[in-house]
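Only one structure is covered here, and it is reproduced in the block below.
Number of protein chains: 2
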Amino acid sequence: MVPRLSNAPELPSGLTRKQAEILAREQRILQLARPMVTDGGLAGISMDAIAKEMDYAKGTIYNHFSCKEEILLALAIEANSKRLELFQAAADRQEDSRDKMASIGVACEDFRERFADLFQIDVMVRHAAVWEKASEKRRELMAQCEQRCMAKVASVGHQAIASGDLDLGGSTRVEDMMFGLWSLTYGGMIIDDSSPGLDHVGIRSAFTAIRRNCHALMDGYGWQPLYDPERDRKLVRSTRAYLRRHVHDDTSIPATTGKDH
Amino acid sequence: MVPRLSNAPELPSGLTRKQAEILAREQRILQLARPMVTDGGLAGISMDAIAKEMDYAKGTIYNHFSCKEEILLALAIEANSKRLELFQAAADRQEDSRDKMASIGVACEDFRERFADLFQIDVMVRHAAVWEKASEKRRELMAQCEQRCMAKVASVGHQAIASGDLDLGGSTRVEDMMFGLWSLTYGGMIIDDSSPGLDHVGIRSAFTAIRRNCHALMDGYGWQPLYDPERDRKLVRSTRAYLRRHVHDDTSIPATTGKDH
DNA sequence: GAGAAGATTGACGCCGCGTCATAATTGACC
DNA sequence: GGTCAATTATGACGCGGCGTCAATCTTCTC
Chain F
0 MVPRLSNAPE
10 LPSGLTRKQA
20 EILAREQRIL
30 QLARPMVTDG
40 GLAGISMDAI
50 AKEMDYAKGT
60 IYNHFSCKEE
70 ILLALAIEAN
80 SKRLELFQAA
90 ADRQEDSRDK
100 MASIGVACED
110 FRERFADLFQ
120 IDVMVRHAAV
130 WEKASEKRRE
140 LMAQCEQRCM
150 AKVASVGHQA
160 IASGDLDLGG
170 STRVEDMMFG
180 LWSLTYGGMI
190 IDDSSPGLDH
200 VGIRSAFTAI
210 RRNCHALMDG
220 YGWQPLYDPE
230 RDRKLVRSTR
240 AYLRRHVHDD
250 TSIPATTGKD
260 H
Chain X
0 MVPRLSNAPE
10 LPSGLTRKQA
20 EILAREQRIL
30 QLARPMVTDG
40 GLAGISMDAI
50 AKEMDYAKGT
60 IYNHFSCKEE
70 ILLALAIEAN
80 SKRLELFQAA
90 ADRQEDSRDK
100 MASIGVACED
110 FRERFADLFQ
120 IDVMVRHAAV
130 WEKASEKRRE
140 LMAQCEQRCM
150 AKVASVGHQA
160 IASGDLDLGG
170 STRVEDMMFG
180 LWSLTYGGMI
190 IDDSSPGLDH
200 VGIRSAFTAI
210 RRNCHALMDG
220 YGWQPLYDPE
230 RDRKLVRSTR
240 AYLRRHVHDD
250 TSIPATTGKD
260 H
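Listed in order, the protein sequences are those of chains F and X. Going by numbering that gives the first Met the number 0, the first residue of the first sequence is number 0, and it counts up by one from there. Going by numbering that gives the first Met the number 0, the first residue of the second sequence is number 0, and it counts up by one from there.
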């Protein structure tokens with residue numbers, strides 16, 4: 000792929016100027032597409048509009064993404080990278096297994112709050128009509144991202160069992176329980192921003208309710224130590240502050256910056 | 000609306016022939032649109048295709064639904080009517096509050112299994128891009144359907160408290176807990192049919208996992224009687240059989256059939 | 001500096017939505 | 001049974017947007 004014995008000018012990052020330019024343009028396309036998706040869904044993305052906005056011909060855009068769905072999937076991959084980053088940052092600063100789990104919950108909240116548009120995109124991209132139109136390569140990338148997130152969560156579960164904090168007693172598998180926390184959080188958030196008049200139905204703060212429900216689920220499986228409102232409040236506050244300070248808002252895929260060496 | 004002193008031929012149902020014809024056509028449109036949505040989402044609906052299929056001009060279709068989104072919303076309303084029907088049938092044949100709740104869970108499963116396409120539609124319709132394009136009137140209808148479902152669930156919760164089976168101890172509101180069960184079920188199902196490679200991640204049977212997790216959540220809140228695998232198995236089996244026998248597959252909105260009187 | 005490989009361009013074909021002026025049908029009233 | 005207004009049906013049309021591709025321009029290699 001990369002011309003090994005080339006005279007092409009090499010930038011510090013190991014890319015030819017052209018390659019760097021292309022990479023930058025790709026980012027720019029995604030940047031432009033994001034708000035379009037936000038109001039209008041997949042149909043909101045207009046290849047013509049992107050091309051016009053960037054002062055490139057439409058064909059050039061199609062060199063990067065062979066269809067709208069590819070753009071959406073690329074954004075979803077960015078989303079999941081960011082989510083994983085938050086998961087890791089949140090979990091790794093706790094010792095206790097249940098605290099780790101709760102922190103990941105806070106990371107979900109934080110993701111949803113700071114990257115609301117990406118959350119939506121993550122939901123959209125999963126519809127068969129979108130999924131099937133995208134390239135095998137990107138689909139695999141996305142699946143990988145998702146599996147890494149799930150693996151992080153599952154590892155916390157296994158740690159809890161190893162340390163004796165949790166005992167599912169053979170009848171239930173760790174993954175099934177993690178699936179529960181995932182459903183609860185993901186589902187709650189989807190309902191929160193897509194259900195007409197949640198408050199009419201009696202829900203004041205969806206996030207608070209979701210958090211409380213996650214704890215009830217963990218209590219239901221006997222995960223030690225059981226829910227303690229005061230402890231939770233502190234955990235939430237500190238985790239949130241930590242994430243805001245240590246995980247930044249930009250979402251571009253970690254391209255080598257050229258700063259190193 | 001209805002011409003009171005009209006010579007128009009009146010059918011037994013109280014509609015003029017024309018009105019009946021229009022109603023029937025409306026059903027036919029929805030019938031045709033359903034599979035289109037299934038493979039292709041909102042974009043899968045083609046007004047031209049529907050018109051051609053029905054041998055009507057496009058304008059006629061637009062007399063019924065002013066845009067594709069209206070069709071989708073109409074289908075979503077059908078979906079929620081059906082869901083409510085299942086909820087009621089499932090809950091009303093149980094005595095115990097926790098059994099009622101578990102039965103509603105089974106109703107959700109049954110709905111998802113028998114009306115998979117409507118489940119998807121229900122998810123789609125909630126996206127802002129769709130929601131905002133539909134008419135106020137239909138949106139209100141939809142919100143009503145949803146509230147009736149939620150009310151049914153909430154009433155079970157309140158009954159549990161009244162009977163002493165459940166005690167949330169002031170810190171949590173019934174609605175918040177019901178929201179948890181809703182999130183868990185809804186979210187789990189969404190993940191189930193939209194996540195690439197759930198089994199790669201360790202989930203064998205999503206429905207079983209969801210059911211188990213709902214019980215864990217209820218246990219976590221101390222809802223009596225606590226989870227008993229054997230009891231649950233029986234409940235699931237009998238509820239499922241009952242629903243299959245007593246709630247039918249057709250989804251047309253209950254139009255007066257003319258049979259009565 | 002010639003030629004190959006790769007990148008860029010934008011006009012084009014096509015599809016599908018939603019409109020609207022026109023035409024057909026219906027029903028009320030005489 | 002005939003007339004007229006209101007309701008309903010029609011389909012050609014304008015418009016916007018997707019994805020293509022032959023032609024053109026740039027970059028790299030030798």
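Here a beta-carbon is modelled for each residue, glycine too, at the ideal position from N, C-alpha and C.
Test item: CB-CB of residue i and residue j under 8 Å
| i | j | result |
| --- | --- | --- |
| Leu183 (chain X) | Met176 (chain X) | no |
| Leu242 (chain X) | Ala101 (chain X) | no |
| Ala215 (chain F) | Gly40 (chain X) | no |
| Leu72 (chain X) | Ala133 (chain X) | yes |
| Ala115 (chain X) | Phe86 (chain X) | no |
| Asp54 (chain X) | Arg239 (chain X) | no |
| Ala142 (chain F) | Pro224 (chain X) | no |
| Arg211 (chain X) | Thr207 (chain F) | no |
| Lys67 (chain X) | Leu117 (chain X) | no |
| Leu31 (chain F) | Glu52 (chain F) | yes |
| Phe178 (chain X) | Ile189 (chain F) | no |
| His63 (chain F) | Arg16 (chain F) | no |
| Leu197 (chain X) | Asp98 (chain X) | no |
| Ile103 (chain X) | Val36 (chain X) | no |
| Asp281 (chain X) | Arg113 (chain X) | For residue 281 (chain X) there is no data in the structure shown, the boundaries of chain X being 0 and 260. |
| Ala42 (chain F) | Ala19 (chain X) | no |
Rounded Cβ spacing between residue i and residue j (contact assumed at less than 8 Å)
| i | j | result |
| --- | --- | --- |
| Ala48 (chain F) | Lys57 (chain F) | At roughly 10 Å, the Cβ-Cβ gap does not stay under 8 Å, so Ala48 (chain F) and Lys57 (chain F) are not in contact. |
| Asp160 (chain F) | Gly187 (chain F) | Per the sequence shown, residue 160 (chain F) should be read as Ile rather than Asp. So it is not a contact: roughly 25 Å between Cβ atoms. |
| Cys271 (chain X) | Leu180 (chain X) | With chain X running from 0 to 260 in the structure shown, residue 271 (chain X) is simply not present. |
| Trp222 (chain F) | Leu165 (chain F) | 5 Å |
| Ile21 (chain F) | Ile70 (chain F) | Going by Cβ atoms, the distance from Ile21 (chain F) to Ile70 (chain F) rounds to 15 Å, so no, they are not a contact pair. |
| Glu174 (chain X) | Val200 (chain F) | 7 Å |
| Ser193 (chain X) | Ser96 (chain X) | Their Cβ separation, rounded to whole angstroms, is 32 Å, which puts Ser193 (chain X) and Ser96 (chain X) out of contact at 8 Å. |
| Gln26 (chain X) | Ser251 (chain X) | 5 Å |
Short-range partners of chain X found in the stretch 163-176 of chain F, where Cβ spacing is below 9 Å: Residues Ser170, Thr171, Arg172, Val173, Glu174, Asp175 and Met176.
Proximal residues, the stretch 49-62 of chain X versus chain F, C-beta separation under 9 Å: Flagged: no residues at all.
Any alpha helix (DSSP H) of 4 or more consecutive residues that is wholly inside the stretch 178-224 of chain X: You should have 205-219.
Meets three-Cβ-pair contact criterion under 8 Å: the stretch 145-152 of chain F and the stretch 226-245 of chain F: The stretch 145-152 of chain F is not in contact with the stretch 226-245 of chain F.
Segment contact, 8 Å Cβ cut-off, at least three pairs: the stretch 115-125 of chain F with the stretch 59-78 of chain F: Cβ pair count under 8 Å is three or more, so yes.
Selection of the stretch 184-208 of chain X by Cβ proximity to chain F, strictly under 7 Å: Listed by position along the chain: Tyr185, Gly186, Gly187, Ile189, Ile190, Ser193, Ser194, Pro195, Gly196, His199, Val200, Gly201, Ile202 and Ala208.
Near-chain X residues of the stretch 127-145 of chain F - C-beta to any C-beta below 8 Å: Answer in chain order: Ala127, Ala128, Val129, Trp130, Arg138, Met141, Ala142 and Glu145.
Every unbroken alpha helix (DSSP H) within the stretch 82-128 of chain F, with a cutoff of 4 residues, ordered by chain: Assignment of alpha helix (DSSP H) within the stretch 82-128 of chain F, counting only whole runs of 4 or more residues, yields 96-113 and 115-123 in chain order.
Residues of the stretch 94-122 of chain F with Cβ closer than 7 Å to any Cβ of chain X, in chain order: Residues passing the 7 Å Cβ filter: none.
Residues of the stretch 22-43 of chain F whose Cβ lies closer than 8 Å to any Cβ of chain X, in chain order: Here the close residues are Asp38, Gly39, Gly40, Leu41, Ala42 and Gly43.
Contact residues within the stretch 208-220 of chain X, judged by C-beta distance below 8 Å to chain F: Cβ contacts with chain F come from Ala208, Ile209, Arg211, Asn212, His214, Ala215, Leu216, Met217, Asp218, Gly219 and Tyr220.
Against chain X: residues of the stretch 228-252 of chain F by CB proximity under 8 Å: Correct list: Pro228.
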